[in-house]
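These notes are about the structure you will find just below.
In this note's numbering, the protein residues as written are 1115 to 1342.
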């Protein structure tokens, strides 16, 4: 697991180079959005922060979309595949892609008209750790309603979720293993039972004592002497 702190100092961010993120849906890069992150434009401070967003840090988080999520594009994306997938890539590491997905039925809900994108960065090297795209009914306070809302996050708690397997999934796997084990025993119990009984009998039988062994040896010697 990466060693990521709970926050990052503004001074550290001010020393970082600009990063351009590209977001697109269902492999359709013709309608992509560009998010330009300019850490140097974050107002200088001695404090530490856990995130920056496109409302409170408009100069530092600049957004340019070729096309918003229109009714026509919603219909097109819904027909193209089972899930509505969103991809985010950074010009810092173009080979590393981050994905998130929504049920395509969300595209039918006209009340979900506001786009939210969260990008989780590793505060050590500014690489993308995860991303999460959502459609919501209400815009964030003070947001331009026609604009995608973006938050760039450095907090430890959120990033840990990327690396730590959810407890629910672990419990499901354990339950599945338990069921498979029970199924195996139920299917082959008539083969396993005799083997188990043999092992049990062998374990229960007492080992021969030293006196018994000596008595047996003496009896054998006496028989041999009588024959002479």
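The beta carbon of each residue, even a glycine, is placed where N, CA and C say it ideally should be.
Cα-Cα separation between residue 1252 and residue 1302, rounded to whole angstroms: 58 Å
Distance between residue 1266 and residue 1121 (C-alpha atoms, nearest Å): 12 Å
Boundaries of the beta strand (DSSP E) in which residue 1134 is found, first to last residue: 1133–1139
Own chain residues within Cβ distance below 7 Å of residue 1240, not counting five before or after: 1130, 1133, 1206
Which residues DSSP lists as bridging residue 1212, in chain order: 1202
Cβ contact (3+ pairs, closer than 8 Å) linking the segment 1202–1217 and the segment 1135–1153: yes
Under 8 Å between C-beta atoms of residue 1247 and residue 1226: no
Residue 1233, buried or exposed, once every other Cβ within 10 Å from all chains shown has been counted against 16: buried
N- and C-terminal bounds of the alpha helix (DSSP H) containing residue 1128: 1124–1128
Whole-angstrom C-beta distance between residue 1220 and residue 1198, which should lie under 8 Å: 7 Å
Sequence-distant residues of its chain with Cβ nearer than 6 Å to residue 1228 (five each side left out): 1250, 1253
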